[in-house]
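Under my numbering, think of the first position of the sequence shown as 7, with each following residue one higher.
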Amino acid sequence: MPEKLIIQMTNFTNTKYKYKAFGLVCESEIEIPAFLKVSTNASVQFKVQISDELPEFERDYVYEEPYCRLNESEFEYQVEGVANYFVKKGDTILIQACCEDWNTILLYFYSNCMVALLFQRNLIPFHVSGVIDPKGGVWLFAAPSGIGKSTTAIKLKEKGYDLFTDDTALVYLIGSICVAEASYPLIKMWKATLENQTTYDTSQTYQLRPDVEKFGGFFHESFMDEPMKVNGIIFIEEEGDQFETKRLKGIEGFQRLRNNVFRSQWINGMGKAKLQFELLSAISKTAPFWLAKRPVETLSYEFFAESILKEIICIEKND
7 MPEKLIIQMT NFTNTKYKYK AFGLVCESEI EIPAFLKVST NASVQFKVQI
57 SDELPEFERD YVYEEPYCRL NESEFEYQVE GVANYFVKKG DTILIQACCE
107 DWNTILLYFY SNCMVALLFQ RNLIPFHVSG VIDPKGGVWL FAAPSGIGKS
157 TTAIKLKEKG YDLFTDDTAL VYLIGSICVA EASYPLIKMW KATLENQTTY
207 DTSQTYQLRP DVEKFGGFFH ESFMDEPMKV NGIIFIEEEG DQFETKRLKG
257 IEGFQRLRNN VFRSQWINGM GKAKLQFELL SAISKTAPFW LAKRPVETLS
307 YEFFAESILK EIICIEKND
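Here it is, written out as structure tokens:
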């Protein structure tokens, strides 16, 4: 693990902020701009706290990466020169700041600490972005980073489909209906996407990290913080030299969705393999799955989004 560099955080007040993310209410000692503000009367399910010293593991960790260690109920993550984080028992996230760049500190909090907290609470996050269908329900786009989930979503936003979630969401069943729960109202875009979209003016975005040309934009006003029915899950691939779509069988969807569990390398160490299998099995029996392939270089995201709209979304609506 990297050597710790600690900055004593003495400039925080006793103000408590209340937010909602992934359907969970948190009480925080710091402002978390990407989260949705909620009533101060809302029942708290987890806390975000600043700490000058992080706790030791109560139980031995069972999985280790260069920057993290974990067991079923404890998770430690360290980013040299940025912050050290500790997540425990599904109800507490501790942040030990090593710099004053809170945009960067929160970026690792969003993408790692929140995922660990979800696993600790027996919730499985998926690597998906999504849009809200004006006629009801949501469409989810599943793919690894860099394939075009966010860009596809923002292009469909330009065609009247409000943003639902970016990069992560919970997907589960309520009764026999497959639903999705959005993460929080922040979309992340590479510079090329930012320069080729009309939803956000550059003045409405901020650079996520000083050394990376990726930008964030908020959509709090249109954010839906309740579970919504999943109309379909569309897996995106870059392959070949033409656009293709294909309806997938449940078993194919099961396999592809398993590959899009967010931070899936932590599943076994957190003891969630059985939970993951049961959830994937249930989703694959109820959700429609599609595959959408786009050429690596020859087609624009504008054409890709239009093709998904015509060849998947409109067809599925008419079935």
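Cβ atoms here follow ideal geometry from the backbone N, Cα and C, with glycine treated the same way.
| Asked | Found |
| --- | --- |
| Boundaries (first-last residue) of the beta strand (DSSP E) holding I239 | 234-244 |
| Range of the contiguous alpha helix (DSSP H) that encloses V121 | 120-126 |
| Three-state secondary structure (DSSP) of A48 | coil |
| Q102 vs T157 beta-carbon contact at 9 Å | no |
| Strand pairing of Y23, partner residues [DSSP] | S34 |
| Contact belief for V68 with S49 at Cβ below 8 Å, rounded distance in angstroms | That pair is no contact at about 32 Å. |
| Beta-carbon contacts of F260 that lie in its chain and below 6 Å, excluding the five residues immediately before and after | L286, S290 |
| Any 3 or more C-beta pairs closer than 8 Å across the segment 227-244 and the segment 141-154 | yes |
| Residues of its chain near V302, where Cβ-Cβ distance is below 6 Å and the 5 sequence neighbours each way are ignored | E244 |
| Limits of the unbroken alpha helix (DSSP H) element including F283 | 279-290 |
| Inter-residue spacing [alpha-carbon to alpha-carbon] between E284 and H133 | 18 Å |
| Whole-number beta carbon distance between K22 and K43, since they are thought to touch under 8 Å | About 12 Å; that fails the 8 Å criterion. |
| Inter-residue spacing [alpha-carbon to alpha-carbon] between F125 and A279 | 11 Å |
| I12, DSSP secondary structure in three states | Reliability of the predicted coordinates at I12 is poor, the pLDDT of 38 falling under 50, and no value is obtained from them. |
| Given 8 Å, three or more beta-carbon pairs between the segment 185-192 and the segment 219-231 | yes |
| Boundaries of the beta strand (DSSP E) in which W145 is found, first to last residue | 144-148 |
| E62 versus Y91, K53, K165, Q210, residue with shortest Cα-Cα distance | Y91 |
| Which residues DSSP lists as bridging N90, in chain order | Q84, Q102 |
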